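Report on the following structure.
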Amino acid sequence: MKTRLSYMGLALFSFILGLLIVVFFSNYYFIRGVLGDLLIVVFTYSLIKSFYQVDSKLLSFIVILAFFMVEGFQYLNLIKYIGLSENKIAKIVLGATFDPIDLLFYLLGGLLVYYIDIKLIDSEQKKINNI
1 MKTRLSYMGL ALFSFILGLL IVVFFSNYYF IRGVLGDLLI VVFTYSLIKS
51 FYQVDSKLLS FIVILAFFMV EGFQYLNLIK YIGLSENKIA KIVLGATFDP
101 IDLLFYLLGG LLVYYIDIKL IDSEQKKINN I
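Positions 1 to 131 (UniProt numbering) are the ones given, in order, by the sequence shown.
Below you can see the structure in the form of C-alpha cells.
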C-alpha cells in the first residue's frame, strides 16, 4: 500500500508541476513544450502504477510507445482527417503539431520515471519488507 502511495504522490507532483508550467510558462516553448512532454509521461506512468501492479519495464515501454503513436498521429495530421481539427479537446489530447524533439522527451520521461521507480520507489519497498 505504501508503494501505491508513492506512485500517487509522484503522479500528483508531476500533475501539479505540469499545471504550474501551463499557467506560468505557457509562452516559453522549451519549458512548456519539452518539459511538459517529459512530465506527461511521468504522470501517466505513475498514475497507472498507482492503481495496477504492472512490470516497470513493460509499463515504461507501453507509455513511451503510446506517446510515440500520438506524435505519429500528429505527423500524419490525423486530427484533420477525422474531422476534429477545430475541437479544442481533441487538439489537447492528440496534439496539433508534429515535433521530433517531442519523441526525445517522451523517451527521456519514460527513462526518468523508470529510474525513479527502480532506484527510489522499489528500494523503498524493499526496505519496508526487510524491517
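We put the CB at the ideal spot given by N, CA and C, even for glycine. Quantities reported herein were computed from a predicted structural model and do not represent experimental measurements.
What does the alpha-carbon distance come out to for the pair residue i and residue j?
i: R32; j: I40; result: 11 Å
i: V54; j: K119; result: 16 Å
i: Y75; j: L103; result: 12 Å
i: G72; j: F98; result: 8 Å
i: F30; j: D37; result: 10 Å
i: F61; j: E86; result: 31 Å
i: residue 133; j: Y45; result: An answer regarding residue 133 cannot be provided, because it is not within the stretch 1 to 131 covered by the chain.
i: N77; j: V63; result: 21 Å
i: A96; j: I79; result: 7 Å
i: N27; j: I21; result: 10 Å
i: G109; j: L12; result: 16 Å
i: I82; j: Y114; result: 34 Å
i: I92; j: V23; result: 15 Å
i: I121; j: L19; result: 24 Å
i: L94; j: L84; result: 10 Å
Which residue wins for smallest C-alpha separation from residue i, given the options the options?
i: P100; options: K91, V70, I16 and F51; result: V70
i: L65; options: I48, L17, L107 and R4; result: L107
i: Y7; options: L35, L17 and Y52; result: Y52
i: L17; options: Y28, N27 and L35; result: L35
i: F105; options: F68, Y81, I92 and I121; result: F68
i: I14; options: I121, V23, L47 and I92; result: The displayed chain sequence assigns Ser, not Ile, to residue 14. Comparing Cα-Cα distances from S14 to each of I121, V23, L47 and I92, the minimum goes to L47.
State the CB to CB distance for the pair residue i and residue j, rounded to an integer number of angstroms; the pair is presumed to be in contact (CB under 8 Å).
i: V42; j: L111; result: Not confirmed; about 10 Å, so no contact.
i: I116; j: L10; result: 7 Å
i: R4; j: S56; result: Going by Cβ atoms, the distance from R4 to S56 rounds to 14 Å, so no, they are not a contact pair.
What ranges does the beta strand (DSSP E) occupy inside the region 41-72, keeping only unbroken runs of at least 3 residues that lie completely in it? Listed in chain order, nothing qualifies, since the region 41-72 has no complete beta strand (DSSP E) run of 3 or more residues.
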